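Participant: Got a structure for you, written out below as structure tokens; questions coming shortly.
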Amino acid sequence: MDPGWGTGGGAPGSMFNQSLGMNAGFDPNMLLQSHLALQGLGGLAPLGNMQGPPPGANMGMGMINPEMMGMMQQHDLGMGFDLSQGQNQDGIGGGFGRGRGSRGSKQERGYYMPGRGPRGSTGPGIRERDLGVRAPSRGDANDYCQHFVDTAQRPQNFLRDVHLTDRYAEYPKLKELVERKDGLIASRATPPAFLQADLHELPLSVDTFGTKFDVVLIDPPWEEYVRRAPGVGQGESWSWQQIKNLDIDKITDNPSFVFLWCGSAEGLDAGRICLQQWGFRRCEDICWIKTNKEQRRAASVRQDTQAVLQHTKEHCLMGIKGTVRRTTDGHLIHANIDTDIIISEEPPTGSTKKPEELYQVIERFAQGRRRLELFGEDHNIRPGWVTVGTQLTSSNFNSQVCHPSWHGHSNSN
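Here it is, written out as structure tokens:
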């Protein structure tokens, strides 16, 4: 074999040490000339003396004249090659910047970090050795799971356009629909009402609230939340049996909707039993994917003694009572422009605060204006809602005041 082809010695010059797995010749001089011609720089005489491979030889890459290498770097061909001269730690000429087959060190080959891309783009492939950032430890791929092991940064941290302001940027009609709907909801919302009460003792009945509700949102203080941050949680936890015994069926109209937060996983089956007990059937499972961009590593890795895996999501079951058809009940339900996935930052340790986007999903879908939230706190107080909970610091609820504003029209009028 010609000494210019192979992975060992040969004529002086920088070597590419990885095989492309091809039997055809590859002339970097021609590639450079084509690139320069496309840029309007005109053709150049061949640089160096490239020799083609012998027939049938598996191409390993020929040598590159130093002058040519300099021009390739100057014009940034974007080939993904590692053009560093000399030899790597294995005594082999500089290899490719891509692929797992190269035996060079991480510093020689360069690694790609999740969410990074080549200069001028958003795709994968930028070299991180000059940025001082630790790279994934398994080859050059975007291994987000390994990146989580190394840094505790969850894979969902790198999802784009998750905020409502960005989600519909490329869909102007949907964006206009959402903006108009949000404006209508805000203009028709009743003043926020809140009642400090212990749900162990407060009777859930029409006599208490003066009406039945179109929507009920329940965010119980599950035992799971206490295990997640022992000694930090406020108040006592509730069992599934206690939640099931709540008289939700007595304060919900027909038709109506209930939204029940069930925790990370263990409560899904029990949540369905609760819905059935209250006379609802499960129709949706909304999943909250929690990011941890703003948290320290120690706070990002949770140690739940009853969990097999690291839990980074929570479920909210949606139940429906009665029959609702989109074709005939436009006064009760609206367009389904929202998805069953919510992506937002996880609250600090000890907080059970849920994403605000769930309120927006409920308000855009359910046209009824009589909305009740149980186990609420001060941060849950919101126009258009009645919030009840023992953690509230004050009360202003008066059924005689709220009752007239609930009736007469829905958000669809």
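The numbers in the working numbering rise by one with no breaks, and the one at position 143 of the sequence shown is 574.
Glycine included, every Cβ here is placed at the ideal spot set by N, Cα and C.
Values in this document were obtained by computation on a predicted structure and should not be read as measured data.
Mapping the DSSP letters down to three states, classify SER670 as helix, strand or coil.
Facilitator: Three-state result, SER670: coil.
Participant: Applying the 10 Å Cβ sphere with the 16-neighbour rule, what's the burial state of ILE850?
Facilitator: No information on residue 850 is available, as it lies outside the stretch 432 to 844 that the chain covers here.
Participant: Which same chain residues end up closer than 8 Å to HIS746 when comparing Cβ atoms and leaving out the 5 residues on each side of it in sequence?
Facilitator: Same-chain partners within the cutoff: TRP692, CYS693, GLY694, SER695, ALA696, GLY698, LEU699, GLY702, ASP716, ILE717, CYS718, TRP719.
Participant: Rounded to a whole number of angstroms, what is the C-alpha to C-alpha distance between GLU846 and ASN767?
Facilitator: Residue 846 falls outside the range modelled here, since the chain spans only 432 to 844, and no answer is possible.
Participant: Relative to the alpha-carbon of PRO814, which residue among GLN673, HIS631, SER687, PRO623 has its alpha-carbon at the smallest distance?
Facilitator: Nearest option by C-alpha distance: PRO623.
Participant: Could you pull out every residue in the same chain whose Cβ sits closer than 6 Å to the Cβ of ASN829, ignoring the five residues on either side in sequence?
Facilitator: Cβ neighbours of ASN829 beyond the five flanking positions: none.
Participant: Assuming HIS792 contacts ASP769 (C-beta within less than 8 Å), just tell me the rounded distance between them.
Facilitator: Note that residue 792 is Val in the sequence shown here, rather than His. Contact flag correct, Cβ pair sits at about 5 Å.
Participant: Residues in the same chain with beta-carbon distance under 6 Å from SER670, minus the five sequence neighbours each way, listed in chain order, please.
Facilitator: If we look at SER670 and ignore the five residues flanking it on each side, it has no Cβ neighbours.
Participant: Quick one: what does DSSP say SER775 is sitting in, helix, strand or coil?
Facilitator: Residue state, collapsed to three classes: strand.
Participant: Among residues of its own chain, excluding the 5 on either side of PRO634, which ones have a beta-carbon nearer than 8 Å to its beta-carbon?
Facilitator: Excluding sequence neighbours, PRO634 sits near ASP678.
Participant: Per DSSP, what kind of secondary structure is THR596 in: helix, strand or coil?
Facilitator: Note: THR596 maps to helix in three-state DSSP.
Participant: Out of curiosity, what's the CA-to-CA distance linking THR824 and ALA628?
Facilitator: Using only the alpha carbons, I get a separation of about 10 Å.
Participant: Taking ASN676 as the reference, give the member of ASP650, TRP653, ILE812, CYS705 with the closest Cα.
Facilitator: Among ASP650, TRP653, ILE812, CYS705, the Cα nearest to that of ASN676 is on CYS705.
Participant: Between VAL689, ASP680, VAL657, which has its C-alpha nearest TRP709's C-alpha?
Facilitator: Ranking the options by Cα distance to TRP709, first place goes to ASP680.
Participant: Tell me, which residues are paired with CYS718 by DSSP?
Facilitator: Beta-bridge pairing links CYS718 to HIS746, ILE772.
Participant: Confirm, please, whether the CB-CB distance from ILE774 to ARG712 is below 8 Å.
Facilitator: No, they are not a contact pair.
Participant: Could you have a look at ARG757 and say whether DSSP puts it in helix, strand or coil?
Facilitator: ARG757: coil per DSSP, three-state reduction.
Participant: Can you grab the Cα-Cα spacing for the pair GLU804 / GLN726, in whole Å?
Facilitator: Roughly 29 Å between the two C-alpha positions.
Participant: For the ligand ZN, is there a heavy atom less than 7 Å away from the beta-carbon of GLN791?
Facilitator: Summarising the ligand content, the structure contains no ligands, and the ligand ZN is consequently not present.
Participant: Is GLY799 near LEU763, with beta carbons less than 8 Å apart?
Facilitator: The answer is yes: Cβ separation under 8 Å.
Participant: Could you spell out where the alpha helix (DSSP H) holding ARG611 opens and where it closes?
Facilitator: Element bounds for ARG611: 603–619.
Participant: Which of the three DSSP states is assigned to ASN685 in this structure?
Facilitator: Note: ASN685 maps to strand in three-state DSSP.
Participant: My output table needs one value for THR783: the three-state DSSP class, helix, strand or coil.
Facilitator: In the structure shown, THR783 sits in coil (DSSP, three-state: anything other than H, G, I, E or B).
Participant: Rounding to the nearest angstrom, what Cα-Cα distance links HIS578 and THR743 in this structure?
Facilitator: Their Cα atoms are separated by approximately 15 Å.
Participant: In chain order, what residues of the same chain lie with their CB nearer than 7 Å to the CB of ILE674, ignoring the 5 residues before and after it?
Facilitator: Once the five neighbours on either side are set aside, the close Cβ partners of ILE674 are PRO651, CYS705.
Participant: Going by DSSP in three states, ASP645 sits in which element: helix, strand or coil?
Facilitator: Looking at ASP645 - three-state DSSP - the assignment turns out to be strand.
Participant: Please list the terminal residues of the continuous alpha helix (DSSP H) segment that includes LEU699.
Facilitator: Looking at the DSSP string, the run of the alpha helix (DSSP H) that includes LEU699 is 699–708.
Participant: Between which two residues does the alpha helix (DSSP H) harbouring GLN577 extend?
Facilitator: Counting along the chain, the alpha helix (DSSP H) containing GLN577 begins and ends at 575–582.
Participant: Taking the C-alpha atoms as reference points, what is the distance between GLY781 and ARG658?
Facilitator: Approximately 10 Å between the Cα atoms of the pair.
Participant: Label SER515 either buried or exposed according to how many other C-beta atoms from any shown protein chain fall within 10 Å of its C-beta, with 16 as the threshold for buried.
Facilitator: Note on SER515: pLDDT 40, under 50, position unreliable in the model; the coordinate value appears next. Its Cβ being crowded by 16 or more others within 10 Å, SER515 is buried.
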